[in-house]
Amino acid sequence: MVGELVGVAELLVSELVANAVRAQGEDGAWVGVRFVFSGERLRLEVRDGSAEQPVLNDDVEEDAECGRGLGLVDAVASGWGVVPDGIGKVVWAELTVAVAAAGTE
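Under this note's numbering, the residues of the sequence shown are numbered 557 to 661, in order.
Here it is in structure tokens:
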């Protein structure tokens, strides 16, 4: 069960970090990652210095090279959201052990 959770968490962190780096543009100030495990929930947080809010694209072109990451996060995570932090934002996603196991089958 832990192996499935790690694989899905890795996918989510990869997508969230890629979005954070892209949001900061060429300046690329900084990106922070935090994991919080409590009971049967794993919360993944990615912080960046951009106030730009992520956008869930429902109609990405089939041949588009980007734009699907947040849709993937939305499909796999138990929940996700954005919290402004005064400097930039924190984009978070949560997983439960049951959701992680179902998402990898």
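All C-beta atoms, glycine included, are put in the ideal place defined by N, C-alpha and C. Everything numeric in this text was worked out from a predicted model, so none of it was measured.
Would DSSP call D641 helix, strand or coil? Coil.
Mapping DSSP to helix, strand and coil, what is A649? Under the three-state reduction of DSSP, A649 is assigned to strand.
According to the neighbour-count rule (16 or more other Cβ atoms, all chains shown, within 10 Å of its Cβ), is L612 buried or exposed? Under this definition L612 is an exposed residue.
Cβ separation of S606 and A579, assumed to be a contact under 8 Å, to the nearest whole Å: Confirmed, Cβ separation roughly 4 Å.
Below 8 Å CB to CB, which residues in the same chain sit around A576 once its five sequence neighbours on both sides are set aside? Non-local C-beta neighbours of A576 in its own chain, meaning closer than 8 Å and more than five positions away in sequence, comprise V587, V602, R603, D604, S606, V647, ordered along the chain.
Chain-order list of residues whose beta-carbon lies under 7 Å from that of S634 (same chain, five-residue window excluded): Around S634, the same chain offers E650, L651, T652, V655 as residues with beta carbons nearer than 7 Å, after the five sequence neighbours per side are excluded.
Three-state secondary structure (DSSP) at L600? Strand, per DSSP.
Leaving out five residues on either side along the sequence, give the residues of the same chain with a beta carbon under 8 Å from the beta carbon of V629. Cβ neighbours of V629 beyond the five flanking positions: L568, E571, L572, W636, A649.
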